[in-house]
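J.: Everything in the sequence shown is counted per full-length UniProt numbering, starting at 1 for the first residue and increasing by one.
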Amino acid sequence: MQKQQSYKQDAGKLYLVPTPIGNLEDMTVRCVKILGEADLIASEDTRNTQKLLNHFEITTPQKSLHEHNYKERVPQLVSQLLAGNVIAQCSDAGMPSISDPGHELVKACIAEGIAVIALPGPTAGLTALIASGLSPQPHLFYGFLPRKKKEQVAALTEMVTQQGTMIFYESPYRIANTIDVIKEVFGERQAVICRELTKIHEEYLRGTLSELSAYLTEHTLKGECCLMVEGAGEPEQVLYEGSYVEQVDALIAESMSSKEAIKEVAKRNQVKKQVVYNAYHAIDTGE
Numbered sequence: 001m002q003k004q005q006s007y008k009q010d011a012g013k014l015y016l017v018p019t020p021i022g023n024l025e026d027m028t029v030r031c032v033k034i035l036g037e038a039d040l041i042a043s044e045d046t047r048n049t050q051k052l053l054n055h056f057e058i059t060t061p062q063k064s065l066h067e068h069n070y071k072e073r074v075p076q077l078v079s080q081l082l083a084g085n086v087i088a089q090c091s092d093a094g095m096p097s098i099s100d101p102g103h104e105l106v107k108a109c110i111a112e113g114i115a116v117i118a119l120p121g122p123t124a125g126l127t128a129l130i131a132s133g134l135s136p137q138p139h140l141f142y143g144f145l146p147r148k149k150k151e152q153v154a155a156l157t158e159m160v161t162q163q164g165t166m167i168f169y170e171s172p173y174r175i176a177n178t179i180d181v182i183k184e185v186f187g188e189r190q191a192v193i194c195r196e197l198t199k200i201h202e203e204y205l206r207g208t209l210s211e212l213s214a215y216l217t218e219h220t221l222k223g224e225c226c227l228m229v230e231g232a233g234e235p236e237q238v239l240y241e242g243s244y245v246e247q248v249d250a251l252i253a254e255s256m257s258s259k260e261a262i263k264e265v266a267k268r269n270q271v272k273k274q275v276v277y278n279a280y281h282a283i284d285t286g287e
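Dropping the structure here:
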């Protein structure tokens, strides 16, 4: 077990700083403060982050940290943190580690006992979900599905019975095909596409998977998309014919012992085993 009191550590600290997903006004005062006070900013794309820094007149130096260099970069950053430096890590938009780089650095810091401090801020999946009209609780955030159809089908098949709303990220160039595959695996469901979230062209497309698919055959979307699909909902309760005694007798006729049959009838009817036992053996409980 490891106990961490984030703000009481004298050694270096890693701040996870969310950045706007479109509208710069969504940048919090605290995020601006941390980026300005840090010794170094670890950025997914230094060119993209520099635009943000310029807007808020922040002069903190940057180092890139992305999927192609994290193996060599993470040890370098950990060394600086162990030396007492404060590093702010951010991705191009939204929360670090959520479909973006950062998780490897977090794990390395935890292993070294370095404080990891997450700042609250924008995240596309939940922001889109609460305005989608689909049930926000429970929900499952998945992110980007695999690109190959076979792998998509395999991943989606595991989610067929998922009761919560599912949240996916997708490219506007693949969204139509992805929806068709989801419908193929899930069947008809209500779904919502949100694109250009927090930007001037923000748009929600709500309907069934079939309706969205038909719309996309005639329209091309622009901007990253967040796709939300309703869950399977509560499984339907199977109703069994006959009294408890008749159900037990039917199972015994299928070579099940009376003890096993009573247990099974109780389970399928969601009642206590004693209730079925009493009914089968005509025991009067006086109730």
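C-beta: ideal position from N, C-alpha, C; glycine also.
With a 10 Å radius around its C-beta and 16 neighbouring C-beta atoms as the bar for buried, classify THR220 as buried or exposed.
T.: That one is exposed.
J.: Helix, strand or coil: how does DSSP classify VAL160 here?
T.: In the structure shown, VAL160 sits in coil (DSSP, three-state: anything other than H, G, I, E or B).
J.: Run the CB neighbour count on GLU186, radius 10 Å, all protein chains shown included, and call it buried at 16 or more, exposed below.
T.: A quick correction: the sequence has Phe, not Glu, at residue 186. When all chains shown are included, PHE186 counts as buried.
J.: Assign GLU230 to buried or exposed, taking buried as 16 or more other Cβ atoms, counted over all protein chains shown, within 10 Å of its Cβ.
T.: Buried is the call here.
J.: Return the bridge partner residues of ALA42 from the DSSP annotation.
T.: The partner list for ALA42 (beta bridge, DSSP) reads LYS63, GLN89.
J.: Assign ALA232 to one of three DSSP states: helix, strand, or coil.
T.: ALA232 falls in the coil class under three-state DSSP.
J.: Would you call MET95 buried or exposed, if buried means 16 or more other Cβ atoms sit within 10 Å of its Cβ?
T.: Looking at its Cβ environment, which holds 16 or more other Cβ atoms inside 10 Å, MET95 is buried.
J.: Which partner residues of ILE21 appear in the DSSP bridge assignment?
T.: DSSP, once it has assigned bridges, lists no residue as partnering ILE21.
J.: Look at the alpha carbon of LEU35 and the alpha carbon of SER91, and state the distance between them as a whole number of angstroms.
T.: Cα to Cα, LEU35 sits roughly 13 Å from SER91.
J.: Just tell me which of PRO61, ASN48, THR46 has its CA closest to the CA of ASP39.
T.: Comparing Cα-Cα distances from ASP39 to each of PRO61, ASN48, THR46, the minimum goes to PRO61.
J.: Within the same chain, show all residues whose beta-carbon is closer than 7 Å to that of GLN190, passing over the 5 residues directly before and after it, in chain order.
T.: LEU134, THR208, GLU230, listed in sequence order.
J.: What are the boundary residues of the alpha helix (DSSP H) that includes ILE175?
T.: ILE175 -> alpha helix (DSSP H) spans 175-186.
J.: Mapping the DSSP letters down to three states, classify HIS68 as helix, strand or coil.
T.: Correct three-state label for HIS68: coil.
J.: Evaluate the contact criterion for the segment 194-213 versus the segment 251-267: three or more CB pairs, one atom per stretch, below 8 Å.
T.: The segment 194-213, when compared against the segment 251-267, does not touch it at the 8 Å Cβ threshold.
J.: Can you give me the Cβ contacts of SER64 inside the same chain, cut-off strictly under 8 Å, excluding the 5 residues immediately before and after it?
T.: Hits under 8 Å: ALA42, SER43, GLU44, ASP45, THR46, ARG73.
J.: Would DSSP call HIS139 helix, strand or coil?
T.: The answer is strand: DSSP assigns HIS139 an E or B state.
J.: Which same chain residues end up closer than 8 Å to VAL248 when comparing Cβ atoms and leaving out the 5 residues on each side of it in sequence?
T.: Taken in chain order, the residues that qualify are SER258, ALA261, ILE262, VAL265, VAL276, TYR280.
J.: Roughly how many whole angstroms lie between the Cα atoms of ALA232 and ALA131?
T.: Cα to Cα, ALA232 sits roughly 20 Å from ALA131.
J.: Hey, could you find the ends of the alpha helix (DSSP H) ARG30 is sitting in?
T.: Start and end: 29-37.
J.: Decide if ALA253 is buried, meaning its Cβ has at least 16 other Cβ atoms within 10 Å, or exposed.
T.: The residue in question, ALA253, is exposed, as its Cβ has fewer than 16 Cβ neighbours within 10 Å.
J.: Express the C-alpha separation of ALA83 and GLN89 in angstroms, rounding to a whole number.
T.: Approximately 17 Å between the Cα atoms of the pair.
J.: Classify GLY22 as buried or exposed, calling it buried when 16 or more other Cβ atoms lie within 10 Å of its own Cβ.
T.: GLY22 comes out buried.
J.: Which residues mark the beginning and the end of the beta strand (DSSP E) in which ILE167 is found?
T.: ILE167 -> beta strand (DSSP E) spans 165-170.
J.: Can you check which of these residues, GLU158, PHE56, PHE144, MET159, is closest to TYR169 by C-alpha distance?
T.: Among GLU158, PHE56, PHE144, MET159, the Cα nearest to that of TYR169 belongs to PHE144.
J.: Pick out whichever of GLN137, PRO146, ALA93 has its Cα sitting closest to the Cα of LEU24.
T.: Cα-wise, what sits closest to LEU24 is ALA93.
J.: If you draw a straight line from the alpha carbon of VAL160 to that of GLU112, how long is it in whole angstroms?
T.: Cα-Cα distance, rounded: 40 Å.
J.: By how many angstroms is the C-alpha of TYR142 removed from the C-alpha of GLN163?
T.: One C-alpha to the other measures close to 14 Å.
J.: Measuring only the C-alpha atoms, how far is MET256 from SER243?
T.: Straight-line Cα distance between these residues: approximately 17 Å.
J.: Hey, would you say ILE117 sits closer than 8 Å to LEU14, going by beta carbons?
T.: A contact, by the Cβ cut-off of 8 Å.
J.: Give the secondary structure of GLU254 by DSSP, where H, G and I count as helix, E and B as strand, and everything else as coil.
T.: GLU254: coil per DSSP, three-state reduction.
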